[in-house]
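Chains as they are written, first to last, in our numbering: chain A, 15 to 214; chain B, 36 to 233. For every residue, glycine included, the Cβ atom is placed at its ideal position computed from N, Cα and C. Read through the structure below, which is laid out as structure tokens, and then see the notes.
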């Protein structure tokens with residue numbers, strides 16, 4: 015019954031066999047099969063020879079400039095500490111407050127020129143930025159500070175232009191309005207989530 | 036062994052880069068080697084390894100104490116590499132006859148048994164180039180599994196943690212990767228050590 019393990023199955027296990035990564039029962043079956051099967055023995059030899067060939071590659075040295083350059087990169091990204099500290103602690107929250115203060119106005123308004131402008135902008139820009147921010151938030155190593163800036167910039171430019179510009183809108187359908195309102199809420203949630211994540 | 040508590044402290048100190056360097060020195064060389072085998076290019080390898088360390092430095096507050104820092108670091112590097120491939124292009128499938136980008140200094144070090152015979156040196160340099168080119172031609176998932184196991188000695192379990200896949204998937208990727216390498220390097224396969232089965 016053990017010898018019934020066929021060549022195809024055994025061959026699929028040969029790398030793990032060579033690496034001693036098989037469970038005991040698999041190991042026994044492979045060993046027994048190999049005792050009687052010359053073609054699988056040859057298969058095993060050639061795989062091991064391939065593995066050995068990789069051992070002929072050198073072990074390169076770390077370039078001398080590696081750490082000096084890396085430190086420079088670390089410094090250059092965290093250099094504007096005072097500057098970014100100011101931005102993160104003062105300007106971003108201020109912009110956030112501005113955006114959040116304006117947000118209910120745009121959400122509450124269902125008619126008028128400013129609403130049309132917002133919808134036109136929302137249709138063109140907001141979904142992309144929103145999706146980008148949401149997807150980036152779920153990535154373990156995303157840079158939330160940058161996202162905060164993106165979200166803030168997006169919110170401020172969208173909602174402040176609402177107040178400043180005049181626009182004669184095409185009549186929006188109910189479906190579009192509903193979808194956009196949902197979109198705004200999602201953006202607001204994403205935005206708040208960005209803002210509450212600890213900035214560096 | 037890495038003192039993660041000290042690193043956690045270092046993360047929040049001003050002028051902490053030196054402390055970070057000291058603490059992750061254990062892994063920088065290994066990280067660079069893996070990056071070089073993945074990219075096949077010294078400049079890209081340096082950039083990839085530096086970027087991975089930079090992200091580790093910045094994201095250290097999200098590292099779970101008591102887990103493997105090494106695995107975490109290599110996971111960052113492998114994710115970064117895959118992101119880069121997705122962003123800048125498809126996997127490359129190069130012909131074995133195509134030259135690969137290596138610097139002279141790097142090629143000179145690919146001689147495990149240097150004899151001083153220029154003809155042999157040339158042959159061995161050529162073989163190292165062929166092996167690297169064959170690695171480059173593998174699909175990225177196979178390449179990463181083979182490099183991590185055959186060149187850096189991670190276990191299947193560790194690789195499954197780094198690549199975030201099951202051990203069965205690691206097993207299959209290594210096996211398929213080796214079979215492809217064997218095909219691509221067929222004329223040279225037995226230039227390695229002749230071995231007995233078992």
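- Pairwise C-beta distances place the region 47-65 of chain A in contact with the region 213-227 of chain B, as three or more of them are shorter than 8 Å.
- Check the Cα spacing between residue 208 of chain B and each of B:56, B:161, B:183: the tightest is with B:183.
- If you draw a straight line from the Cα of residue 111 of chain B to the Cα of residue 68 of chain B, it is about 15 Å long.
- Sorting B:226, B:165, B:199 by C-alpha distance to the C-alpha of residue 219 of chain B places B:165 at the top.
- Separation of residue 70 of chain A and residue 163 of chain B (C-alpha to C-alpha, rounded to the nearest whole angstrom) is 7 Å.
- With contact defined as three or more Cβ pairs closer than 8 Å, the region 79-92 of chain A and the region 180-200 of chain B are not in contact.
- When DSSP states are grouped into helix, strand and coil, residue 61 of chain A belongs to the helix group.
- For residue 33 of chain A, the C-beta contacts it makes with chain B under 8 Å involve 184, 191, 209, in order along the chain.
- In the structure shown, residue 222 of chain B adopts helical secondary structure according to DSSP, grouped into three states.
- Cβ contact annotation for residue 44 of chain A (same chain, cutoff 8 Å, sequence separation greater than five): 19, 24, 27, 28, 31, 36, in chain order.
- Look at the region 108-125 of chain B: the residues with a C-beta under 7 Å from a C-beta of chain A are 111.
- If you check the CB distance, residue 70 of chain B and residue 80 of chain B come in under 9 Å.
- Minimum Cα-Cα distance from residue 185 of chain B among the listed residues A:53, A:33, A:54 corresponds to A:33.
- Selection B:59, B:96, B:85 evaluated against residue 105 of chain B yields B:59 as nearest (Cα-Cα).
- Contact check for residue 87 of chain A and residue 115 of chain B: beta-carbon distance about 14 Å, past the 8 Å limit, so the pair fails to qualify.
- The alpha-carbon of residue 190 of chain B is positioned some 10 Å away from that of residue 205 of chain B.
- In this structure, the alpha-carbon of residue 89 of chain A lies about 55 Å from that of residue 22 of chain A.
- Taking 9 Å as the threshold, the shortest C-beta distance from residue 42 of chain A to chain B does not fall below it.
- Within the region 150-207 of chain B, the complete alpha helix (DSSP H) segments of 4 residues or longer fall at 153-172, 175-181, 191-198, listed in chain order.
- Taking the beta carbon of residue 62 of chain B as reference, no residue of chain A falls within 7 Å; the closest one sits roughly 11 Å away.
- In terms of beta-carbon proximity, residue 20 of chain A stays away from the interface with chain B, with every pair separated by 9 Å or more.
- When the Cα atoms are used, residue 52 of chain B and residue 92 of chain B turn out to be separated by approximately 9 Å.
- Listed along the chain, the chain B residues whose CB falls inside 7 Å of the CB of residue 90 of chain A amount to none; the nearest CB is some 10 Å away.
- Against residue 54 of chain B, chain A offers no close residue; the least beta-carbon distance is about 12 Å (beta-carbon pairs closer than 9 Å).
- Straight through space, the alpha carbons of residue 159 of chain B and residue 72 of chain A are spaced by roughly 11 Å.
- In terms of beta-carbon proximity, residue 166 of chain B lines the interface with chain A, with at least one pair separated by less than 9 Å.
- In chain order, 170, 182, 186 place their CB closer than 7 Å to the CB of residue 72 of chain B, counting only its own chain and leaving out the 5 sequence neighbours on each side.
- With a threshold of 9 Å between beta carbons, residue 181 of chain B makes contact with chain A.
- Think of a sphere of 7 Å around the beta carbon of residue 46 of chain A: no beta carbon from chain B falls inside it, the nearest being about 11 Å out.
- Each of B:82, B:224, B:113, B:87 was checked against the Cα of residue 175 of chain B, and the nearest Cα belongs to B:113.
- A direct Cα-Cα distance of roughly 43 Å separates residue 217 of chain B from residue 96 of chain B.
- Rounded to the nearest whole angstrom, the CA to CA distance from residue 54 of chain A to residue 195 of chain B is 27 Å.
- Residues of the same chain with a CB within less than 7 Å of the CB of residue 40 of chain A, apart from the 5 flanking positions on each side, are 27 in chain order.
- Interface with chain A (9 Å Cβ-Cβ cutoff): residue 92 of chain B is included.
- Excluding sequence positions up to five before and after residue 66 of chain B, its CB lies within less than 8 Å of the CB of 84, 87, 88, 108, 109, 112, all in the same chain and listed in chain order.
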